[in-house]
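The next block holds one structure in the form of structure tokens; read it before the comments.
Chains as they are written, first to last, in this note's numbering: chain D, 3 to 117; chain V, 1372 to 1487.
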């Protein structure tokens, strides 16, 4: 089981501010993911990384950007927050295994409210 | 196309009774994994149970079991002896190849409420 951490847990911020959502894991997992989820709805993949210096966009278009400079750290940045960015953001990680055998473990999530 | 369908938006169950949450999937690939996650109101996604497409037996983890019917493409979650703490959203997910890589595809979720 992965230990995966996200900060902040809750964030209320004004329009136009730059924000960074932090995600870190202590299990040495190569793969990390960011999902966006509106309340009570399904999760949508917005970014993923298969290792250091590797990042890809997910299925849902997002104005956020990510970086992967260290294995354990996968921060997500919004340069200029807007009310449409209000959502929950969930970070996940998994170890490299044969594709369909991988289990993703999730962090506690960050609930973002942009006023 | 890869797809997960959960047809029950909400379910009620009496405490200590068993409940089945439905999940059907669609994929043409023979290699896939099926997962169930629990999401309490606090927001985190908790991994519950996994079933691989080549597994011969249904997966079990404590009070959770997965009723895997491959021919019907269903992977229902059974929770035995429901507890109040089981009240949460439950998501079925499938890991299958999409555009040459494996991705986790989620259903729309089922909200379970356990009554005392």
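Every residue gets a Cβ at the ideal spot worked out from N, C-alpha and C, and that includes glycine.
Please read these numbers as outputs of a predicted model, since none were measured by experiment.
{"Check": "Please tell me whether residue 1414 of chain V and residue 60 of chain D are closer than 8 Å, where the distance is taken between their beta carbons.", "Outcome": "no"}
{"Check": "Name the DSSP bridge partner or partners of residue 1428 of chain V?", "Outcome": "Residue 1428 of chain V is not bridged to any residue."}
{"Check": "Measure the C-alpha to C-alpha separation of residue 1484 of chain V and residue 1434 of chain V and round it to an integer number of angstroms.", "Outcome": "16 Å"}
{"Check": "Is the shortest distance between the beta-carbon of residue 1435 of chain V and the beta-carbons of chain D less than 8 Å?", "Outcome": "no"}
{"Check": "For residue 1374 of chain V, does the count of other Cβ atoms within 10 angstroms reach 16, so buried, or fall short, so exposed?", "Outcome": "exposed"}
{"Check": "I'd like the span of the beta strand (DSSP E) that includes residue 55 of chain D, first residue to last.", "Outcome": "Note, residue 55 of chain D: premise wrong, no beta strand (DSSP E); not H, not E."}
{"Check": "Using a Cβ-Cβ cutoff of less than 8 Å, which residues in the same chain neighbour residue 1486 of chain V once the five nearest sequence positions on both sides are dropped?", "Outcome": "1383, 1384, 1385 and 1386"}
{"Check": "Exposed or buried, which one is residue 11 of chain D when buried takes at least 16 other CB atoms within 10 Å?", "Outcome": "exposed"}
{"Check": "Could you compute how far the alpha carbon of residue 1431 of chain V sits from the alpha carbon of residue 1447 of chain V?", "Outcome": "12 Å"}
{"Check": "Counting only beta-carbon separations shorter than 8 Å, does residue 1416 of chain V have a partner in chain D?", "Outcome": "yes"}
{"Check": "Of all the CB atoms in chain D, is at least one closer than 8 Å to the CB of residue 1484 of chain V?", "Outcome": "no"}
{"Check": "Hey, is the region 1385-1402 of chain V in contact with the region 1458-1468 of chain V, meaning 3+ C-beta pairs nearer than 8 Å?", "Outcome": "yes"}
{"Check": "Cβ of residue 1476 of chain V within 7 Å of any heavy atom in the ligand NAP?", "Outcome": "The model on display carries no ligand, and the ligand NAP is accordingly not part of it."}
{"Check": "Hey, does residue 45 of chain D have any beta-carbon neighbour from chain V nearer than 8 Å?", "Outcome": "yes"}
{"Check": "In chain order, which beta strand (DSSP E) runs of at least 3 residues are fully inside the region 1388-1459 of chain V?", "Outcome": "1390-1392, 1395-1397, 1404-1410, 1417-1423, 1435-1440 and 1445-1450"}
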